[in-house]
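Novice: Sending over a structure as C-alpha cells; questions will come in a sec.
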Amino acid sequence: MTTTGKSRSGAEGGESRGNVDRYTPADIEKKWQTKWEADGIYQAPDHVEGKENYFSLVMFPYPSGDIHMGHWFQYSGSDAYARFKRMQGYNVLHPQGFDSFGLPAENAAIERGADPREWTYSNIENSRRQFREMGASYDWSRELVTSDPDYYKWNQYWFLQFYKNGLAYRENGQANWCPKDQTTLANEQVKDGACERCGTAVTRRAMPQWFFAITKYADELLEMDSLDWPEKIKTMQRNWIGRSTGTTIGFDVSEFAPGEKIETFTTRIDTVFGVTFVVLAPEHPLIEKLTQPDHKAAVDAYVENAARETEIDRTSTEREKTGVATGAHCINPLNGERIPVLVGDYVLASYGTGAVMGVPAHDARDFVFAKKYDLEIRVVVSPPDWDGREFEDAWIPAGTQVNSGEFNGMSSIDGKEAIADKIESNGWGTRTITYHLRDWLISRQRYWGTPIPIVYCDDCGTVPVPEHELPVRLPDKVRFDSDGRSPLTKDTSFLNTECPDCGKPAKRETDTLDTFVCSSWYHLRFASPNPDEDPLEVDQVSAWVPVAAYQGGAEHAVMHLLYSRFFNKALRDLKFVEFDEPYTKLTNQGMLTKDGGKISKRSNPLPPDPVVEKHGADTLRCYLMFLGPWDQGGDWSDSGINGIKRWLSRIWDVAQRDKSKLGASGSEDAERGLARIAHATTQRVLADMDVFKFNTSIAALMEFTTALMRSYESGDVSAASWRAGIDRLLLHTAPLAPHIAEELWQRTGHTGSIHLELNPAFDESLIAMDTITLAVQVQGKLRDQIEVPADIAQDAAIEAAKEAPNVMRHLEGMLIVKEIYVPGRLINIVVRPA
RNA sequence: GCCGAAGUGGCGGAAUGGCAGACGCGAUGGAUUCAAAAUCCAUUGGGGUAACACCCGUGUGGGUUCGACUCCCACCUUCGGCACCA
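The first sequence begins at 17 in the numbering used here and counts up one residue at a time.
In C-alpha cells, the structure reads:
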C-alpha cells in the first residue's frame with residue numbers, strides 16, 4: 017500500500033486520486049449559489065407531509081452599506097443551525113429581510129446629499145449580494161423590506177388598531193431629546209444619559225408625543241418562566257421593568273395651595289415617622305403654587321437650570337445633591353408634623369409621583385441631602401445594638417420601630433404592614449406598585465420612517481386615517497434643510513390634507529414611528545408574507561409562530577425583545593394571534609472583536625470581502641464558527657484561518673481518492689475502528705450543533721477527516737465502509753461549509769442536493785470499545801493505566817489495578833483504606849501507612 | 001455602588017465531580033523541492049531524568065471530597081448590563 021510520502025508524490029498522487037484538482041473555492045461557490053437559488057431548495061412551504069415545521073429566525077440587519085464581519089459571524093452560525101435543523105428532518109423556515117428605515121439614511125442625505133431611498137435600496141442590493149456570497153440558506157421568496165409601502169402600511173394598520181383600543185395615545189410631556197439627531201427617543205434608547213445611536217447627551221423637551229401603552233403589560237411581561245432564553249436577558253428585562261411594591265402617601269399642603277396634597281411613593285413606609293422634609297422634582301406641577309414669594313427667584317433659577325441640564329448631568333450618581341427651599345410646608349399625616357418642602361433634582365419627575373418623602377436616617381440619598389442642608393435626621397428604625405448615638409450613615413436594613421408612635425417596639429418588617437394598614441384605613445394613601453418601565457415613546461421627528469396615520473383637524477381634533485386609505489405614503493424627493501428639521505414638516509403636499517371626518521382642510525401628523533415598531537412583528541410577516549387586504553393569514557401564522565429558535569445580539573435585551581413581546585401580547589388581545597410569546601427559544605451570539613476591540617470601519621476595520629476572495633466563503637464561515645463557542649463571541653486573528661482552509665482542502669482531497677484502491681473487505685479491527693469513530697463523530701456533532709457549539713463540532717469533524725485519511729492509507733478498510741465514512745463526513749460538513757459539501761457530494765456520485773439529505777444516524781453499540789484504558793490513581797494521583805475488557809467487573813478491575821507496576825510501588829508498605837471504582841474511567845486506591 | 005458572565009500552554013480554545021490542555025494556530029525538527037511556497041510526518045505546559053521515576057501546574061487564599069478547572073466561602077482582575085427607581 018502507498019505510504020504517505022509516496023501517495024503525495026506528483027506522479028503517484030495523480031494516479032491514486034485520479035487527476036484531482038486543487039480546492040479552489042472560487043470555482044465552485046458561485047456555481048452552487050446560483051443553482052440553489054434556481055432550484056429554490058431553501059423555500060419553505062407552509063406544510064410538508066410528514067415534517068414538523070421549525071421557524072429558525074435570526075435578527076435581520078439594518079442595511080448600512082456592508083454586511084460586515086460581525087454580520088458574517090452572526091449569520092454564518094444561524095445559517096448553519098437552520099441547515100442542521102433541516103437535516104434533522106424539520107421543514108425549516110429561515111427567512112431574511114432588511115430593517116431599512118432609520119436615521120443613517122437621512123444622515124447620508126444630510127451629509128452627502130444622497131437620497132435616503134436610493135441610498136437605502138442600493139445598500140440592500142449590496143447586502144443581498146453579500147448574503148448570497150455567504151451561501152446562506154434563506155428563503156428569499158419571503159424577503160421583506162420594512163421601508164416598502166406594503167410593509168409599513170401594516171405598521172400603520174397596527175398603530176390604528178392600538179389607537180382604537182387605547183393602546184396608542186398622544187400626550188404632552190417631557191421627552192428625551194437628542195439634539196444631534198433632532199428627535200425624541202424612547203427611554204430604552206437612552207444609554208448613560210446619551211443617545212443610544214450617536215452618543216450625544218440627551219436633553220429634555222416638552223412636546224406632544226405618541227406612546228404605546230406597554231406599561232399595561234408590565235406584569236405580564238415579567239412572566240418569563242416559559243421562555244427558553246438566556247437568564248441574563250430575562251434578568252435585564254426584569255430589571256428594566258423594575259416592579260417595586262410600596263405605598264403612596266399624600267402630604268397635605270392646603271395651607272399654601274388649597275385642597276392640594278403632595279403625593280409621594282415609598283417602599284419604606286415603615287420609616288414614615290422619620291420624614292423631616294419632602295422633595296419635589298424640578299418638573300413637579302405643584303412647584304409654582306407652593307413657592308413662596310421670597311423664594312420664587314431662587315426656585316425659578318433652580319428649575320430653569322435643571323431644565324437645561326443634560327440627562328448625563330442629571331442622573332450622575334457622582335455629583336452632589338442640590339436643592340432649594342420653596343418656603344412652603346406640608347403635614348405628615350401620621351404625626352401631624354409640619355415639615356419643609358424643597359425642590360431637588362435628585363428626584364426624578366418620571367418615576368413614582370415625582371416627589372419623595374425625605375427620610376435621611378434611612379435613605380442614603382436623603383442622608384447626604386439632609387447633611388448638606390442641615391435638615392433633621394431622625395432615627396425611626398433602630399439597628400439591633402443602637403445606643404442612641406447620631407448616625408454616620410443612613411441605616412437601610414430592617415430594625416425595630418422607634419419614635420414611631422403606636423408602632424414603637426414593632427419590627428420594621430411588621431411596621432411596614434401595620435403602618436400601611438393605618439394609612440389605607442384613614443384614606444391618607446394606598447399600597448401601590450410602581451414600575452421603572454415607561455410607556456414606549458414611538459414618535460420620531462424624522463423623515464425616513466413610517467408616517468403615523470393621524471390627521472389633525474381644527475374642528476374634529478385628532479382623527480385616525482381610515483384603514484382603506486393606508487398606506488399613508490412617505491413622499492419622495494424631499495428637501496433636507498440645514499435646520500435639521502424633518503422634511504415632512506415642510507412638505508406641503510404631504511402636510512396638507514382633508515379631514516377624513518368632515519372633509520375640511522387639515523394637517524397630517526409629521527412624526528414617524530420608531531423603527532422598533534417594524535421589528536416588533538416582522539417574524540409574523542415572514543410567516544405570512546403575501547396578504548394584501550389583511551395584515552396576516554391566521555393559518556400561515558399558526559403554522560410557524562411562535563419562533564422556535566431566535567438568534568441575535570444581547571444588545572436588544574430591553575429594546576427589540578421587550579417591544580416585540582409587548583406587541584405580541586397586544587396583538588393577542590386584539591385577536592390577531594393566539595399565542596402569548598413571539599420567541600420560544602433565544603440564543604445570543606457573542607460579539608466578534610479584533611485585537612480585543614470593537615470592529616469599526618474607521619478605527620479597526622475588518623472587511624469580509626477580501627477574506628472571501630482569498631479563502632472562500634466556506635472557509636470564512638467555518639473559521640468564524642471555530643473561534644470559540646458561538647454564544648461567547650470571539651476575537652479575530654488572521655493567522656488561524658489557514659487551519660480551516662487546510663481542513664477543507666484535506667476533505668477535498670480525501671473525498672476524491674480513488675476507492676478502487678481499496679478492497680471489497682477490510683480487516684476486522686480496521687473496520688470496527690472506522691465504524692467507531694464514524695458513529696462517535698455523529699454522536700458528538702448532533703449534540704453540539706443542537707446547542708450552537710460549532711467549534712467542537714468542527715473539531716470532531718477534523719478528527720474524523722484525519723481518521724478517514726489514515727484508514728485509506730492503511731488500506732485495511734473496505735471500499736464500502738470508507739465510502740460510507742466519506743458520505744458521513746460530507747453530510748456533517750454540509751451545514752457548516754455548504755458549497756464544498758455540495759460539490760463533493762456531486763463528485764462522489766450522488767444526485768440531488770446534499771442540503772436536502774438527512775443527518776446520518778449513529779449506533780451507540782458501535783461506539784463502545786472492547787477494551788478500555790482505566791486510569792489508576794493512588795491517593796487521587798495518577799500512577800498508572802491499565803488495559804482491561806470493557807465489561808470488566810469491579811473486583812477484577814481493582815485486582816488488575818493493584819498489579820500495575822507503578823501502582824504496586826505506591827502501595828508498598830501501605831494499608832488500603834478504600835477503593836473507588838468509576839466504571840469505564842478510573843480506579844482510585846486510598847491508602848495510609850501500615 | 002448593584003446585578004451578571006468570565007479568568008486554563010506562546011495564542012484561540014477543550015474538558016462542568018473522575019487521566020487538564022481535545023481540536024486548531026504558532027513554533028521546532030524532519031520528508032519532498034535546484035530552491036521556495038504548498039503539502040506530509042514528528043515534537044511542543046513548566047521543572048527534572050540518559051530514559052524512567054518524581055515534583056509543580058486551570059487568577060489568589062481557604063474549604064468540601066477518595067478525587068476539584070468543575071461545587072462552597074472570601075478576595076483580585078477583565079468584560080457586559082443597570083445605576084440618585086425613593
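All residues carry an ideal CB built from backbone N, CA and C; glycine is no exception.
By the DSSP assignment, the beta strand (DSSP E) with residue 559 in it spans what residues?
Specialist: No beta strand (DSSP E) contains residue 559, which is instead part of the alpha helix (DSSP H) from 554-560.
Novice: Using the three-state DSSP reduction, which class does residue 591 fall into: helix, strand or coil?
Specialist: Correct three-state label for residue 591: coil.
Novice: Per DSSP, residue 620 forms a beta bridge with which residues?
Specialist: Beta-bridge pairing links residue 620 to 616.
Novice: Would you kindly report the start and end of the unbroken alpha helix (DSSP H) that includes residue 763?
Specialist: It spans 754-763 - the alpha helix (DSSP H) in which residue 763 sits, taken as one unbroken run.
Novice: Could you check what DSSP says for residue 313 in three-state terms: helix, strand or coil?
Specialist: Residue 313: helix per DSSP, three-state reduction.
Novice: Since residue 267 is in the beta strand (DSSP E), which residue starts that stretch and which ends it?
Specialist: It spans 260-268 - the beta strand (DSSP E) in which residue 267 sits, taken as one unbroken run.
Novice: Identify the continuous alpha helix (DSSP H) that holds residue 386 and give its terminal residues.
Specialist: Residue 386 -> alpha helix (DSSP H) spans 380-389.
Novice: Enumerated in chain order, which unbroken segments of the alpha helix (DSSP H) with a length of 4 residues or greater are wholly contained in the region 320-372?
Specialist: Runs of the alpha helix (DSSP H) inside the region 320-372: 327-331.
Novice: Counting only runs of 3+ residues fully inside the region 599-674, write out the beta strand (DSSP E) ranges in chain order.
Specialist: Here the runs fully enclosed are 602-604, 608-610, 650-652.
Novice: If contact is defined by three or more beta carbon pairs under 8 Å, each pair taking one atom from either stretch, is the region 185-195 in contact with the region 222-233?
Specialist: Verdict: yes, contact present.
Novice: State yes or no: is the C-beta of residue 295 within less than 9 Å of the C-beta of residue 350?
Specialist: No, the Cβ-Cβ distance between residue 295 and residue 350 is not below 9 Å.
Novice: Can you tell which of 231, 242, 271 has the C-alpha that lies nearest to the C-alpha of residue 258?
Specialist: The candidate whose alpha carbon is nearest that of residue 258 is 231.
Novice: Note down, in chain order, each residue of its chain lying with its Cβ closer than 7 Å to the Cβ of residue 74, except the 5 sequence neighbours on either side.
Specialist: So the list reads 90, 91, 94, 567, 568, once near-sequence residues are dropped.
Novice: Where DSSP assigns a beta bridge to residue 445, which residues make up the other side?
Specialist: In DSSP, residue 445 forms a bridge with 265.
Novice: Buried or exposed for residue 6, please, with buried defined as at least 16 other CB atoms from any protein chain shown within 10 angstroms of its CB.
Specialist: Nothing about residue 6 can be reported from this structure: the residues present for the chain run from 17 to 850 only.
Novice: Out of curiosity, what's the CA-to-CA distance linking residue 384 and residue 467?
Specialist: Those two C-alpha atoms are separated by around 48 Å.
Novice: Suppose you measure from the CA of residue 167 to the CA of residue 78; what does that come to, to the nearest Å?
Specialist: Going by the C-alpha atoms only, they are around 15 Å apart.
Novice: Nearest CA to the CA of residue 803: which residue from 842, 98, 372?
Specialist: Cα-wise, what sits closest to residue 803 is 842.
Novice: Give me, in chain order, the residues of the same chain whose beta-carbon lies closer than 6 Å to that of residue 25; leave out the 5 immediate sequence neighbours on both sides.
Specialist: No answer about residue 25 holds up, because its pLDDT of 32 lies below 50 and its placement is not dependable.
Novice: Could you say if the region 82-89 and the region 43-57 meet the contact criterion of at least three C-beta pairs nearer than 8 Å?
Specialist: Touching, no.
Novice: Check the DSSP bridge columns for residue 211 and list the partner residues they point to.
Specialist: 206.
Novice: Mind checking who residue 837 pairs with in its DSSP beta bridge?
Specialist: DSSP output for residue 837 lists 843 as bridge partner(s).
Novice: Given that a residue counts as buried once 16 or more other Cβ atoms are within 10 Å of its Cβ, and exposed if not, what is residue 658?
Specialist: Looking at its Cβ environment, which holds fewer than 16 other Cβ atoms inside 10 Å, residue 658 is exposed.
Novice: Which class does residue 297 belong to by DSSP, given the choice of helix, strand or coil?
Specialist: Residue state, collapsed to three classes: coil.
Novice: Beta strand (DSSP E) containing residue 72: first to last residue?
Specialist: Run containing residue 72: 69-74, per the beta strand (DSSP E) assignment.
Novice: Quick one: using the 10 Å Cβ neighbour count with 16 as the cut-off for buried, is residue 64 buried or exposed?
Specialist: Per the 10 Å Cβ criterion, exposed.
Novice: By how many angstroms is the C-alpha of residue 250 removed from the C-alpha of residue 23?
Specialist: At residue 23, the pLDDT of 33 sits below 50, so the modelled position is not reliable; the number obtained from the coordinates is stated separately. C-alpha separation (whole angstroms): 57 Å.
Novice: What are the boundary residues of the alpha helix (DSSP H) that residue 468 is part of?
Specialist: No alpha helix (DSSP H) holds residue 468; DSSP gives it neither H nor E.
Novice: According to the neighbour-count rule (16 or more other Cβ atoms, all chains shown, within 10 Å of its Cβ), is residue 458 buried or exposed?
Specialist: Buried: at least 16 other Cβ atoms inside 10 Å.
Novice: Determine contact between the region 260-277 and the region 437-457, defined as no fewer than three beta-carbon pairs at a distance below 8 Å.
Specialist: Short answer: they touch.
Novice: What does DSSP give as the partner residues of residue 793 in its beta bridges?
Specialist: Its beta-bridge partners are 798, 844.
Novice: Taking its Cβ as the centre, do 16 or more other Cβ atoms sit within 10 Å of residue 354, making it buried, or is it exposed?
Specialist: By the 10 Å Cβ count, residue 354 comes out exposed.
Novice: Tell me whether residue 624, by its Cβ, gets closer than 8 Å to a heavy atom of the ligand FMN.
Specialist: Among the components modelled here there is no ligand, and therefore nothing to report on the ligand FMN.
Novice: By how many angstroms is the C-alpha of residue 278 removed from the C-alpha of residue 287?
Specialist: C-alpha separation (whole angstroms): 17 Å.
Novice: Which residue marks the beginning of the alpha helix (DSSP H) containing residue 821, and which one marks its end?
Specialist: Where residue 821 is concerned, the enclosing alpha helix (DSSP H) stretches over 821-827.
Novice: Mark residue 670 as exposed unless 16 or more other C-beta atoms lie within 10 angstroms of its C-beta, in which case mark it buried.
Specialist: Burial call: buried.
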